[in-house]
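Take a look at the structure below.
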DNA sequence: AGACAAATAACATATTCATGTGAAGCCGAA
DNA sequence: TTCGGCTTCACATGAATATGTTATTTGTCT
């Protein structure tokens, strides 16, 4: 028997979902409140449900803030967002905060039930459209690599040494070359990147600008 | 009519999928090869398909390398991975390289067909289990912020100066303090962070470890 | 064969950094 | 009020870095 809690401020929707889930053989849904604050209070004094359905737009604390708080105190609770928002930002924030699934409110009751079963089965319930937005976050981070800054592989080695916090001497040792060679490479790197200090090279590298 | 291409080195599986998809009313699957190299050659001289099903383990170039190459030359082609690998690393690499979906090989033919339809519909086909692994990548990146390293706001100012690539002198100018004060702060920062060079401070800061 | 980029190396010098030591003023906690 | 942490500043010194100049070797492209 899966225990389910609901945080949703629209009473009609809340009651509808609660009644539907509670009548399922394998599910129990006794807790349905309209704010994160109430849910936190409830969790203090009662057994913790396995799954929470949570809205984002709520009176008081937002659902996304709620995820963080609840996950911090009760990491074992799985949270599915159930919301009208389908913008990447909200989706992303929810997942980073710790949500395990993301459904839109037009999801039908049987689909919500299936989603909970998917979740208990180790999956992450979300529509393909949501999934598409999620994976777009993986592709995007490719802003502008300085095309002028084509470092040779040896130069890239040296940069890695700098990023690792090594001195010229240690870089020379690492690659078994003389310290003057390291100097020579670094000179060339500075020219290509238009910088003139270790610090700037490290910063550029860690920002992915090389 | 959706044109579909297949890159898969197992002849049986390849033929099976090709025949099944090609007999669909809305789909056409004329191109089925067993390596990325062959597919690239084919794309040179023919119309580009809308969707590619691609294996990861292939003779010659791997499917993941293939995604990057194909996406670079033909960004409009949508790629669905079809593989036995379900480890986060392969999934992650595929999505970063530009894949739009990720299916495991036990996926049934009708499910593959549905996945292609999902893709054309703007979704990202993947099983809930795969989706779960994808979103886990969002939660994790929060390793360990050194709790011992509570920098004061002034110290954080100095760190920001370093990250911006400034010399002590320029940091002193920025905050209108003497260079010796900058030195003093940096001494304290080094102690708190257990480092002993600008480079390490910048690296830690940009890695989010401060 | 000649041009050219890349990797290697040496020598020199001015600047910047890392670190030691010491100290004054301010402010909040004990 | 005494103590400790934060911010400010000074003087000093050895280590590391930034930059200039020059040169050999190797491999690639034409």
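Protein chains in written order, with our numbering: chain E, 94 to 303; chain S, 94 to 303.
All residues carry an ideal CB built from backbone N, CA and C; glycine is no exception.
Give me whichever residues DSSP pairs with residue 175/S in a beta bridge.
Here residue 175/S refers to the residue found at position 82 when the second chain is read from its first residue. Residue 175/S is bridged to 196/S.
Is any beta-carbon of chain S found at less than 8 angstroms from that of residue 252/E?
The residue labelled residue 252/E in the question sits at position 159 within the first chain. No, because no Cβ of chain S sits closer than 8 angstroms to the Cβ of residue 252/E.
Indicate the three-state DSSP secondary structure (helix, strand or coil) for residue 136/E in the structure shown.
The residue labelled residue 136/E in the question sits at position 43 within the first chain. Three-state result, residue 136/E: helix.
Does the beta carbon of residue 219/E come closer than 8 angstroms to any beta carbon on chain S?
Residue 219/E sits at position 126 when you count from the first residue of the first chain. It does; some Cβ of chain S falls within 8 angstroms.
Given residue 212/E, which residues of its chain have a CB within under 7 angstroms of its CB, disregarding the five upstream and five downstream residues?
Within the first chain, numbered from 1, the residue matching residue 212/E stands at position 119. By the criterion of a C-beta distance shorter than 7 angstroms, residue 212/E is surrounded in its chain by 144, 171, 173, 193, 194 and 218, once the five residues flanking it on both sides are discounted.
Distance, Cα to Cα, residue 266/S vs residue 292/S?
Locating residue 266/S in the second chain gives position 173, counting from the first residue. Locating residue 292/S in the second chain gives position 199, counting from the first residue. Distance between the alpha carbons of residue 266/S and residue 292/S: 21 angstroms.
CB-CB under 6 angstroms to residue 146/E, same chain, minus the five flanking residues each way: which ones, in chain order?
Reading the first chain from its first residue, position 53 is the one you call residue 146/E. Around residue 146/E: 99, 173 and 175.
Going along the chain, which unbroken runs of the alpha helix (DSSP H) with 4 or more residues stay wholly within the segment 248 to 297 of chain E?
261 to 268 and 272 to 286
Considering only DSSP beta bridges, list what residue 311/S is partnered with.
The first residue shown for chain S is 94 and the last is 303, placing residue 311/S beyond what the model contains.
For residue 302/E and residue 221/S, the rounded distance between their alpha carbons
Counting from one through the second chain, the residue named residue 221/S turns up at place 128. Counting from one through the first chain, the residue named residue 302/E turns up at place 209. Going by the C-alpha atoms only, they are around 35 angstroms apart.
Would you report the Cα separation of residue 109/E and residue 177/E, rounded to the nearest angstrom?
As a position in the first chain, residue 109/E is number 16, starting the count at 1. As a position in the first chain, residue 177/E is number 84, starting the count at 1. Near 17 angstroms, if we compare the C-alpha coordinates of residue 177/E and residue 109/E.
Secondary structure at residue 244/S, three-state DSSP: helix, strand or coil?
For the purposes of this step, residue 244/S is taken as the residue at position 151 of the second chain. Looking at residue 244/S - three-state DSSP - the assignment turns out to be coil, as it is neither helix nor strand.
Does the structure place the segment 276 to 283 of chain E close enough to the segment 103 to 117 of chain S that three or more beta carbon pairs sit under 8 angstroms?
no
Verify whether the separation of the beta carbon atoms of residue 106/S and residue 120/S is less than 8 angstroms.
The residue you call residue 106/S lines up with position 13 of the second chain. The residue you call residue 120/S lines up with position 27 of the second chain. No, Cβ-Cβ distance for residue 106/S and residue 120/S is not below 8 angstroms.
Near residue 125/E, which residues of its chain fall below 6 angstroms by C-beta distance, leaving aside the five closest residues on each side in sequence?
What you label residue 125/E is simply residue 32 of the first chain in a count that begins at 1. For residue 125/E, the CB contacts under 6 angstroms within the same chain, skipping 5 residues up- and downstream, are 99, 107 and 111 in chain order.
Three Cβ pairs or more, each shorter than 8 angstroms: is that satisfied between the segment 198 to 211 of chain E and the segment 242 to 251 of chain E?
no
Local conformation of residue 145/E per DSSP, three classes
Numbered from 1 along the first chain, position 52 holds the residue referred to as residue 145/E. Reduced to three states, the DSSP call for residue 145/E is strand.
Counted within 10 angstroms of its Cβ, other Cβ atoms place residue 215/E as buried (16 or more) or exposed
Position 122 of the first chain, counted from the first residue, corresponds to residue 215/E. Residue 215/E sits exposed, since fewer than 16 C-beta atoms from the chains shown fall within 10 Å of its C-beta.
Reference residue 180/S; option with closest CA among 142/S, 225/S, 161/S and 139/S
In the second chain, residue 180/S corresponds to position 87, counting from 1. That would be 225/S, whose Cα lies nearest to the Cα of residue 180/S.
On the DSSP bridge assignment, give the partners of residue 219/S in chain order.
By one-based count along the second chain, residue 219/S stands at place 126. Residue 219/S is bridged to 195/S.
Would you verify that the beta carbon of residue 243/E is, or is not, closer than 8 angstroms to some beta carbon of chain S?
Locating residue 243/E in the first chain gives position 150, where the first residue counts as 1. Chain S contact via Cβ: absent.
Buried or exposed, going by whether 16 or more other CB atoms sit within 10 Å of the CB of residue 227/S?
Along the second chain, one-based indexing puts residue 227/S at 134. Around the CB of residue 227/S, 16 or more other CB atoms lie within 10 Å, so the residue is classed as buried.
How many angstroms separate the CA atom of residue 260/E from the CA atom of residue 273/E?
Residue 260/E sits at position 167 when you count from the first residue of the first chain. Residue 273/E sits at position 180 when you count from the first residue of the first chain. One C-alpha to the other measures close to 12 angstroms.
I'd like to know if residue 189/E contacts chain S, where contact means its C-beta is closer than 8 angstroms to some C-beta of that chain.
For the purposes of this step, residue 189/E is taken as the residue at position 96 of the first chain. Judged by the 8 angstroms Cβ criterion, residue 189/E is in contact with chain S.
Under the DSSP definition of a beta bridge, which residues are partnered with residue 189/S?
Here residue 189/S is taken as the residue at index 96 of the second chain, counted from 1. According to DSSP, residue 189/S bridges with nothing at all.
According to a CB-to-CB cut-off of less than 9 angstroms, which residues of the segment 205 to 229 of chain E neighbour chain S?
208, 211, 212, 214, 215, 216, 217, 218, 219, 220, 221, 222, 223, 224, 225, 226, 227, 228 and 229
Do the CB positions of residue 151/S and residue 187/S come within less than 8 angstroms of each other?
Within the second chain, residue 151/S is the residue found at index 58, counting from 1. Within the second chain, residue 187/S is the residue found at index 94, counting from 1. No, the Cβ-Cβ distance between residue 151/S and residue 187/S is not below 8 angstroms.
What are the residues of the segment 268 to 291 of chain S that lie near chain E, defined by any Cβ-Cβ distance shorter than 7 angstroms?
Those residues of the segment 268 to 291 of chain S that come within reach of chain E (Cβ to Cβ, closer than 7 angstroms) are 290 and 291.
I need the straight-line Cα distance from residue 157/E to residue 117/E, nearest angstrom please.
The residue given as residue 157/E occupies position 64 in the first chain. The residue given as residue 117/E occupies position 24 in the first chain. So the alpha carbons of these two residues sit roughly 28 angstroms apart.
Within-8 angstroms CB hit, residue 157/S to chain E
As a working note, residue 157/S is residue 64 in the second chain. By this cut-off, residue 157/S is not an interface position.
Going straight from the alpha carbon of residue 244/S to that of residue 270/S, what length do you get?
Numbered from its first residue, the second chain carries residue 244/S at position 151. Numbered from its first residue, the second chain carries residue 270/S at position 177. Roughly 18 angstroms separates the two Cα atoms.
Does the beta carbon of residue 293/E sit closer than 8 angstroms to a beta carbon anywhere in chain S?
As a working note, residue 293/E is residue 200 in the first chain. True, the Cβ-Cβ gap to chain S drops below 8 angstroms.
Using only alpha-carbon positions, find the residue among 134/S, 140/S and 123/S that is nearest to residue 162/S.
On the second chain, position 69 is the one that residue 162/S refers to. Here the closest residue by C-alpha is 134/S.
What does the alpha-carbon distance come out to for the pair residue 142/S and residue 184/S?
Here residue 142/S refers to the residue found at position 49 when the second chain is read from its first residue. Here residue 184/S refers to the residue found at position 91 when the second chain is read from its first residue. Each residue's Cα considered, the two are about 23 angstroms apart.
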